[in-house]
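Participant: Let me begin by handing over the structure; questions about it come next.
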Amino acid sequence: MNQDLEKRIREAMANPQNIGELAGADSVGMVGNSECGEMLRMWVKFKEENGKKVIDRATFQSFGCETAIAVASLATELIRGKTAEEALALKTEELAGELGPLPPMKIHCAQLVEGALRSALDPQSEATKPAAAPLSAQPSAPNLLDNFTKPKEGGVRLVFLDEKTKGGSQPEADSKGS
Ligand code: FES
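In our numbering, the protein residues as written are 19 to 196.
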């Protein structure tokens, strides 16, 4: 990782935004990366604004990876005030915002954030189903959704965690310390 990026990540990590569970969230998304073991959960709460349902607040919980935390911190700020559709239209590099271009080995960290967001905002989409639709049924233009659904050679694989684990029954991390 170059020093510039390290510095930007360090800056984002110095004051990470929107960490922790969001009480009264309208939706929760969770993804895991089976290769690096990182897991990210995202909570989203909506509000009505000018007759539109927009994201009031989003928070996240992540374990370990600084890049994912830095991106999630920036992304949860970025999506405030956007509709679910607008937030879903953001590309990975847009979510990473001020961090700028990520090196290839760190792109999956931002994709993890995008996956959690997608899982929260559009849990029924083909992209968030573990058994994705056949690639031939997907749009031909390569996009970021493909990154989640196409197995990558030598790359990492995101796992969209089961819908049942998102709501009431919280994994062990939440029950600790309460
Ligand atoms: Fe895997 Fe960052 S190292 S999410």
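From the three backbone atoms N, C-alpha and C, an ideal C-beta is built for every residue, glycine too.
The structure displayed is predicted, hence computed values, not measured ones.
What is the C-beta distance between Ala90 and Phe78, in whole angstroms, given that I count them as a contact (C-beta under 8 Å)?
Facilitator: The Cβ separation is near 4 Å, so the contact holds.
Participant: Measure the alpha-carbon distance for Arg98 versus Gln35 and round it to whole angstroms.
Facilitator: Using only the alpha carbons, I get a separation of about 12 Å.
Participant: Considering only residues of the same chain and omitting the five flanking positions on each side of Ser143, which have a CB-CB separation below 7 Å?
Facilitator: Excluding residues within five positions, the ones whose Cβ falls inside 7 Å are Arg136.
Participant: In chain order, what are the residue ranges of uninterrupted alpha helix (DSSP H) at least 4 long that sit wholly in the stretch 54-115?
Facilitator: Within the stretch 54-115, the complete alpha helix (DSSP H) runs of at least 4 residues are 84-96, 102-106, 110-114.
Participant: Could you tell me the alpha carbon to alpha carbon distance between Leu139 and Ser45, rounded to whole angstroms?
Facilitator: Rounded to whole angstroms, Leu139 to Ser45 spans 7 Å at the Cα level.
Participant: If you draw a straight line from the C-alpha of Ala43 to the C-alpha of Met123, how long is it?
Facilitator: Roughly 32 Å between the two C-alpha positions.
Participant: Would the beta-carbon of Glu56 be found less than 6 Å away from any heavy atom of the ligand FES?
Facilitator: Yes, the ligand FES has a heavy atom inside 6 Å of this Cβ.
Participant: Might you give, ordered along the chain, the residues of its own chain that have their beta carbon closer than 7 Å to the beta carbon of Ala86, omitting 5 neighbours on each side?
Facilitator: For Ala86, where only same-chain residues beyond five positions count, the Cβ hits under 7 Å are Glu56, Leu58, Ser80, Cys127, Leu130, Val131.
Participant: Express the C-alpha separation of Gly115 and Pro121 in angstroms, rounding to a whole number.
Facilitator: Going by the C-alpha atoms only, they are around 14 Å apart.
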